[in-house]
Amino acid sequence: MQDLDRMDKQGWPLTIIIIVAAVGISIFLWSIGIYFFFLPIIFLPFLRYFKFKSRKIKTKVCLVCDLSSDGNYCPRCGAKL
């Protein structure tokens, strides 16, 4: 486990260098008229660190007719869930 922690810490200077180079290239390309060529690409590896909240739908079971629904009322019998 300690080897993995050390590897993570050793990779940060290289990551910072790559980000600075990517932003520098993006600024250069922006100045010559090529907009957003490289800048969005540098953020793709970081997508896994953002937690996208997926909507979890809670299904409820009707006590009268045993039908599952995600609404407040049963679509079959109209009973409140």
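Sequential numbering from 42 applies to the sequence shown in this note's numbering. Virtual Cβ for every residue (Gly too), placed ideally from N, Cα, C.
request  = Could you round the C-beta distance between LEU108 and ARG117 to whole angstroms and report it? I think they count as a contact, below 8 Å.
outcome  = By 1-based counting over the sequence shown, the position of residue 108 is 67. By 1-based counting over the sequence shown, the position of residue 117 is 76. Confirmed, Cβ separation roughly 5 Å.
inquiry  = Distance check for VAL102 and SER110, CA to CA, integer angstroms please.
reply    = Within the sequence shown, numbered from 1, the residue matching residue 110 stands at position 69. Within the sequence shown, numbered from 1, the residue matching residue 102 stands at position 61. Linking SER110 to VAL102 through their CA atoms gives a straight-line distance of about 6 Å.
query = Tell me, which residues are paired with TYR76 by DSSP?
reply = Your numbering for residue 76 matches position 35 in the sequence shown. TYR76 is not bridged by DSSP to any residue.
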